[in-house]
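Undergrad:
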DNA sequence: TTTCGTTATATCCAATCAAATATAACGAAT
DNA sequence: ATTCGTTATATTTGATTGGATATAACGAAA
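This is the structure we're talking about:
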């Protein structure tokens, strides 16, 4: 049984985490459900945690990543901005490339 | 001010963490000081944490990474094995390559 | 103006994690 | 035998984290 190489990448802004794997999952769930509370339920995390993550994302980003509305039809909701979608796309691509890169590096430890 | 990409890589064996950045730092300090307690002090971590890390490393590795001795001249000590040194070398190289790789990926977010 | 489901926030409690402390076991040297 | 500094381990305390709960604010629609 050989060793495996694992990795985590994330994007920072002024030493604050902007996007990591968990945050991207949350943003994708918001995009699918249209609300933060439904996204939290779909990910089986508490609303509190989801809200804290989203708040941190929007505070770290240069431009809004979601538009959140309170009240009104359906009680309100959250929507990804175009900017948010482009951030997710960039993260996913870099992350995928990183995995592929590390796969190539496996040869450096297969003899150990 | 632009975003930054950060990363962490680690090597796993049977779903146990074998080597990460912290563990590599500890092993290098052991190599320099010849003892686990001195290594812990030099890294400003508790002996307990250092011991737990080293124990986990040696339990996850296929072959011993350190040889630990109790009692005797100087009270005992810990020494890196050749195998441990080769693991560190491989980790460092892969990690360095990963940083360089992610530097190249920066162009994918510099417009965001 | 009442209803509704949501965002936003505070509070409390449990659980997990880290630090600090204490102590035994060890073996070469004296 | 005693000393010494180390490895190895348990215990306790404190800090941080996360979950659960409660509640206010909101605004469109009925």
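Residue numbers (this note's numbering), protein chains in the order written: chain A, 1 to 112; chain B, 113 to 224. The beta carbon of each residue, even a glycine, is placed where N, CA and C say it ideally should be. Everything numeric in this text was worked out from a predicted model, so none of it was measured.
1) Below 8 Å on the Cβ atoms is my contact criterion, and I expect residue 120/B with residue 165/B to pass it. Report the Cβ-Cβ distance as a whole number of Å.
2) Counting only Cβ pairs nearer than 8 Å, list the residues of chain B close to residue 112/A.
3) Just to confirm, is the Cβ distance from residue 129/B to residue 168/B under 8 Å?
4) State the Cα-Cα distance for the pair residue 60/A and residue 116/B, rounded to the nearest angstrom.
5) So, for residue 175/B: in the same chain, excluding its five sequence neighbours on each side, which residues have a beta-carbon less than 8 Å away from its beta-carbon?
6) Does residue 80/A come within less than 8 Å of chain B when only Cβ atoms are used?
7) Tell me the residue span of the beta strand (DSSP E) that contains residue 192/B.
8) Return the residues of the region 161-189 of chain B that lie within a Cβ-Cβ distance of less than 7 Å from chain A, sorted by chain order.
9) Return yes when the Cβ of residue 147/B is within less than 8 Å of the Cβ of residue 190/B, no when it is not.
10) Please state the DSSP three-state secondary structure of residue 16/A.
11) For residue 132/B, does the count of other Cβ atoms within 10 angstroms reach 16, so buried, or fall short, so exposed?
12) In chain order, what residues of the same chain lie with their CB nearer than 7 Å to the CB of residue 224/B, ignoring the 5 residues before and after it?
13) Taking C-beta to C-beta, are residue 221/B and residue 88/A nearer than 8 Å?
14) Would you call the CB atoms of residue 26/A and residue 65/A closer than 8 Å?
15) Output, in sequence order along the chain, the residues in the region 119-133 of chain B whose CB is closer than 8 Å to any CB in chain A.
16) Can you tell me the Cβ-Cβ gap for residue 106/A and residue 210/B, rounded? I've got them flagged as a contact below 8 Å.
17) DSSP three-state call for residue 94/A: helix, strand or coil?
18) Under three-state DSSP, which class holds residue 180/B?
19) Measuring only the C-alpha atoms, how far is residue 205/B from residue 197/B?
TA: Looking at the coordinates:
1) Actually they are not in contact, since the Cβ atoms of residue 120/B and residue 165/B sit about 15 Å apart, beyond 8 Å.
2) 174, 195, 198, 199, 202, listed in chain order.
3) Contact: yes.
4) Cα to Cα, the separation comes out at about 12 Å.
5) Cβ neighbours of residue 175/B beyond the five flanking positions: 193, 195.
6) Chain B contact via Cβ: absent.
7) Element bounds for residue 192/B: 188-192.
8) From the region 161-189 of chain B, no residue has a Cβ closer than 7 Å to chain A.
9) Residue 147/B is positioned such that its CB atom lies closer than 8 Å to that of residue 190/B.
10) Three-state result, residue 16/A: strand.
11) Buried, because 16 or more other Cβ atoms sit within 10 Å of the Cβ of residue 132/B.
12) Hits under 7 Å: 115.
13) Taking a C-beta distance under 8 Å as the contact criterion, residue 221/B and residue 88/A do not qualify as a contact pair.
14) Not in contact: residue 26/A and residue 65/A (Cβ atoms no closer than 8 Å).
15) Those residues of the region 119-133 of chain B that come within reach of chain A (Cβ to Cβ, closer than 8 Å) are 119, 120, 121, 122, 123, 124, 125, 126, 130.
16) About 13 Å separates the two Cβ atoms, so there is no contact after all.
17) Note: residue 94/A maps to helix in three-state DSSP.
18) The answer is strand: DSSP assigns residue 180/B an E or B state.
19) For residue 205/B and residue 197/B, the distance between alpha carbons rounds to 12 Å.
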